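Q: Take this structure first; my questions come after.
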């Protein structure tokens, strides 16, 4: 079982524009300096295009069309300059905008003297700093059309800025006539920065971008012991599904319990919910700790600490054999594991160390509240509970239960208590428990 709680999220409205641009160069020389000059000139042409009167932004899933550089808009009759933002959601549920340009395939080709590049631009905007990448819809901003048109004008500036960053990355990572596609990523940083956009060269692993990340940490005055700018930390837009099918942070839909002078202590980040019967694996009745371990591994993966995928049951068993904890016959078995084994696997597969908190009986868990709260404040990782079957007075525990066997149905999972706040009647007061508290690696 895993203690989880909330994670920092972006509470404003995000204005995001996406669209393809084609960077197409004719090269009459293979000399590097000449290639760089041509590429820079082509990027300048693209910046001119997005600033021209022919640039069009359409609000996705709505009839709103805006020409940001002409101050012109086209809207249905139902939307007037006095339409309230609260009413506009019948037309627009998520404010995504598309940049209207040609739509060639996304590819990078160099053949003799021809370079063809298509760029996918993802960015948004803040109402304070155009070089950031988000916008908060101010509560006092009542006139949607006026607001949207004004914001789109600043989006064009941000588009031009991102093209400059893409040009820098393209030229910086040139090797002869070989080029890498520049890719934009959005990262949600602690306030006041909010959402920012960073351009990385495709195909270059995070391990080779440490210098750039350190510069970003200095720029935004971030601590240098946590990975804010690894690709795995990229912001996931709420209207986009995860491709792997796992639910993320199902606890976010829950209401926190009301306690006198109570405080909520948070897991800091995103995890996947792993439980019985997933991945075509029948582990009902024996695989709960494996699933809890997978949930913890997903946290380290999605916070950018590790790049390896979440381990399978067999990989977990093999890791325990490799460290000498189990005999070779353990691989492929249906034997249980507990918190001590979880600690060993995290260290073996992820290089993550853990502390073990021993609780001789459930009635003592209440006395561990401050220690657990400090863990969430300083480490922020999920905590795995193994042992007896989990009491406390004014303490409540948010439990993510791996014993669930159904489909990825968020409402069922929360309504039936597979993810929920638990009180005194949940823990066996006479049973022992071992809590595995993973520690954050120190890295950028």
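In UniProt numbering, the protein residues as written are 1 to 444. Ideal Cβ placement from N, Cα and C applies to all residues, glycine included. What you are looking at is a predicted structure, and each value in this text was computed from that prediction instead of being measured.
1. May I have the straight-line CA-CA distance separating residue 433 from residue 361, to the nearest angstrom?
2. Which one of 17, 220, 293 and 324 has the shortest CA to CA distance from residue 337?
3. Tell me the rounded alpha-carbon separation between residue 98 and residue 58.
4. Near residue 138, what residues of its chain come up, given a Cβ to Cβ distance below 6 Å and the 5 sequence neighbours on each side ignored?
5. Cβ atoms of residue 30 and residue 225: under 9 Å apart, would you say?
6. Determine, using beta carbons only, whether residue 185 and residue 204 come nearer to each other than 9 Å.
7. For residue 17, which of 318, 27, 291 and 197 has the nearest alpha-carbon?
8. Reducing DSSP to helix, strand and coil, say where residue 58 ends up.
9. Look at the alpha carbon of residue 14 and the alpha carbon of residue 20, and state the distance between them as a whole number of angstroms.
10. Which complete beta strand (DSSP E) runs does the stretch 315-372 hold, if anything under 3 residues is left out?
11. Among 151, 166, 419 and 34, whose alpha-carbon lies nearest the alpha-carbon of residue 47?
12. Alpha carbon to alpha carbon, what distance is there between residue 211 and residue 428?
13. Can you check which of these residues, 60, 384, 349 and 365, is closest to residue 356 by C-alpha distance?
14. With a threshold of 8 Å (Cβ to nearest heavy atom), would residue 405 be considered close to the ligand NAP?
15. Within its chain, find whatever has a CB closer than 6 Å to the CB of residue 253; leave out the 5 residues flanking it on each side and keep chain order.
16. Answer yes or no: do residue 268 and residue 381 have a C-beta to C-beta separation smaller than 9 Å?
17. Measure the beta-carbon distance from residue 418 to residue 397 and round it to whole angstroms, keeping in mind my assumption that it falls under 8 Å.
18. Going by Cα to Cα distance, which pick from 305, 28, 238 and 280 is closest to residue 96?
19. CB-CB under 8 Å to residue 247, same chain, minus the five flanking residues each way: which ones, in chain order?
20. Assuming contact is defined by CB atoms lying nearer than 9 Å, are residue 438 and residue 340 in contact in what I supplied?
21. Does the distance from the C-beta atom of residue 251 to that of residue 283 stay below 9 Å?
22. DSSP has residue 434 in a bridge; who is on the other side?
23. Rounded to whole angstroms, what's the CA-CA distance from residue 347 to residue 232? Just pull it up for me.
24. Is residue 26 helix, strand or coil when you go by DSSP?
25. For residue 128, does the count of other Cβ atoms within 10 angstroms reach 16, so buried, or fall short, so exposed?
26. Look up residue 271 in the DSSP assignment and give the residues it is bridged to.
27. Residue 43: buried (16+ other C-beta within 10 angstroms of its C-beta) or exposed?
28. Taking residue 186 as part of the beta strand (DSSP E), name the residues at either end of that continuous run.
29. Take the Cβ of residue 328 as the centre, count every other Cβ of all protein chains shown within 10 Å, and call the residue buried at 16 or more, exposed below.
30. Starting from residue 422, trace the alpha helix (DSSP H) in both directions and tell me its first and last residue.
31. According to DSSP, is residue 168 helix, strand or coil?
32. Using the three-state DSSP reduction, which class does residue 446 fall into: helix, strand or coil?
33. Return the first residue and the last residue of the alpha helix (DSSP H) that residue 38 is part of.
34. So which of 202, 191 and 192 has the shortest CA-CA distance to residue 180?
35. So, is residue 245 buried or exposed, given that buried needs 16 or more other C-beta atoms within 10 angstroms?
36. Report the residue from 289, 173, 32 and 421 whose alpha carbon sits nearest the alpha carbon of residue 255.
A: Walking through what the data contain:
1. 7 Å
2. 293
3. 5 Å
4. Note that residue 138 has pLDDT 30, beneath the 50 cutoff, so the model's placement of it is unreliable and the number below is only indicative. Contacts found: none.
5. no
6. no
7. 197
8. strand
9. 20 Å
10. 354-359
11. 166
12. 50 Å
13. 384
14. Looking at this structure, you won't find the ligand NAP or any other ligand, since it has none at all.
15. 414
16. yes
17. That belief does not hold up - the Cβ atoms of residue 418 and residue 397 are roughly 14 Å apart, past 8 Å.
18. 238
19. 272, 273, 408, 410 and 413
20. no
21. no
22. 358 and 386
23. 20 Å
24. strand
25. Here residue 128 scores only 32 on pLDDT, less than 50, and its place in the model is too uncertain to base an answer on.
26. Residue 271 pairs with nothing; no bridge assigned.
27. buried
28. 182-188
29. exposed
30. Taken as a continuous stretch (DSSP letters only), residue 422 belongs to no alpha helix (DSSP H), being part of the beta strand (DSSP E) at 419-422.
31. helix
32. Nothing in the structure corresponds to residue 446, since the chain is present only between 1 and 444.
33. 32-50
34. 202
35. exposed
36. 421
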